[in-house]
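A quick write-up on the structure given underneath.
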Amino acid sequence: MVKSLKIVITGASGFIAKNLRKHLSEKNIELLSISRNDFKIFKCESKIISANYDEKNLLKKINNSDALIHLVGIGKQSVNTDYDMINTKLTNHIVQLSKKAKIKKIVYLSGLGVSSNTSLSYFISKYNAEKQIINSGLNYTIFRPSYIVGKDDLFTKYLKKQMKKGEIKIPGSGKYSIQPIYVNDVVRVIFESITELKFKNKIIDLVGPDSVTFEEYVKLFSKRNKTRIKKINLERAYHEAITHSKSDFGIDDLNILIGDFKGNYKKLSEISKIQFQSVLKLLQTCSLL
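Residue numbers for the sequence shown follow numbering that gives the first Met the number 0, so the first one is 0 and each next one is one higher.
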C-alpha cells in the first residue's frame, strides 16, 4: 500500500481517466475526480460535477492535494468550443486554481509533435498550455503521448466501427508511422511521475516500444476478421474533413497521422524502468478487440 496520497483528476469521465482512476483506486489512493459529465465512482473516490471548473465550487475540496492530473482537452474544434478555449485557457485556469489550492504537483498530457516550431493550431494550443504549466512555478511533468490504445479508446473504436461496415479506410499511402502505447502502461507511468522525484519538471514523450506504419497497424488489427482495406485519396480525405463535421477523419486527425512524428521511447524507458507492453503483440492476440 502506497503512502497516503490525495490526487485530483480533471476530465474524469474520459478514456484515460477511467483507466487511471481504476488503477489509483486499487492502490487505495484518495481521489477527487472532476468532470462536466456524470460518471460511476471507484472506491476511495469523491465525484465532483462541474461544468466550468469554477473556483468557488472546487478550491476548498482540492486544497492541499498531493497532485493534480489534468486530462481535459479536445482534439476537434467546433463553433462552440475551440482549441484555445479548452486546451489553453482552461489549462491556465487549472494552473491558477492549483496554485491557490497549494497543490504540490501537476501532470499534463500534451501531444506527440508539440514544439515551438509547430504551425498546427491543435499543437499550438497544447504548446501554449505547456508554457502555462512550466512558468507556473509548480513541480510538473508533461507527457507528450502518441496514440494511447485500449479496448475503448477513440482510435480503436473507430477501427471497430469501420470493421462492422466491412471496410477500413486508409488516407493516402498509409506509410506514415505511429508509436502506440498501451493504456495500462500509461497509467503506471503517470502514477510513477507523481511518486518519483526523477520525473520532476520534465517533458517526456509517451510512446510505446514499437514504431509501425498506419497501414501495418490496420492490417494487424483487422487480420482475423479479414476486413477489406481501402486506401482513399488524401485530397478527398481532407475535403471530407473540411466539409463534413462527422467525417471519419478530422482535419487535425489527418495532420497528426501523416505528420509521422517520432517519440523518444528510450528516454521514457530509462526514466520509468517500466517493461512496456508491445501493442503489436496485443494486436496479434486480439487483446484490443
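Glycine included, each C-beta is placed from N, C-alpha and C at the ideal position.
Quantities reported herein were computed from a predicted structural model and do not represent experimental measurements.
In chain order, E166, K168 place their CB closer than 6 Å to the CB of K229, counting only its own chain and leaving out the 5 sequence neighbours on each side.
Of the residues K55, G112, H238, D37, the one whose Cα lies closest to the Cα of Q178 is G112. DSSP places F142 inside the beta strand (DSSP E), whose first and last residues are 138 to 144.
Beta-bridge analysis with DSSP links E166 to R227. Within the same chain, I8, V106 come within 6 Å of I68 by CB-CB distance, once the 5 residues on both sides are set aside. Within the model, the alpha-carbon separation for D204 versus P144 is close to 6 Å. Within the region 43 to 80, the complete alpha helix (DSSP H) segments at least 4 residues long are 54 to 61, listed from N- to C-terminus. Runs of the alpha helix (DSSP H) lying entirely within the region 231 to 261, each at least 4 residues long, are 233 to 242, 250 to 257 in chain order.
In the DSSP assignment, V113 falls outside any beta strand (DSSP E) and carries neither an H nor an E. Exposure of A50 is indicated by the presence of fewer than 16 other C-beta atoms within 10 angstroms of its C-beta. With a cut-off of 8 Å on Cβ pairs, the region 32 to 41 is not in contact with the region 123 to 132, counting fewer than three such pairs. By the criterion of a C-beta distance shorter than 7 Å, N224 is surrounded in its chain by M162, once the five residues flanking it on both sides are discounted. Annotated three-state conformation of I203 is strand, per DSSP. Per DSSP, the unbroken alpha helix (DSSP H) holding E215 starts and ends at 213 to 221. In this structure, the alpha-carbon of T140 lies about 13 Å from that of V94. With respect to the C-alpha of L281, the residue from G13, K150, D83, R20 having the closest C-alpha is K150. Cβ contact annotation for S176 (same chain, cutoff 8 Å, sequence separation greater than five): S210, V211, T212, F213, D259, K261, in chain order.
The DSSP-derived three-state label of K272 is coil. Secondary structure note for S135: it is in no alpha helix (DSSP H), with a DSSP letter that is neither H nor E. Take F220, set aside five residues on each side of it, and the residues of its chain with a beta-carbon closer than 6 Å to its own are L158, L282, in chain order. For S34, the enclosing beta strand (DSSP E) begins and ends at 29 to 34. With a threshold of 16 other beta carbon atoms within 10 Å, V78 falls short and is exposed. For the pair I180 and Y146, the CB atoms are nearer than the 9 Å cut-off.
Taking 9 Å as the cut-off, the Cβ atoms of F154 and L19 do not count as close. Closest option to F122, judged by alpha-carbon separation, among L96, I85, S97: I85.
Under DSSP, K104 takes part in a beta bridge, and its partners are N138. K17 is positioned such that its CB atom lies no closer than 9 Å to that of S64. Within the same chain, and ignoring the five residues on either side of E195 in sequence, no residue has its Cβ closer than 7 Å to its Cβ. With contacts defined by Cβ atoms closer than 9 Å, L57 and F41 do not form a contacting pair. According to the DSSP assignment, T90 belongs to the alpha helix (DSSP H) that extends over 89 to 99. If you draw a straight line from the Cα of K160 to the Cα of G207, it is about 24 Å long.
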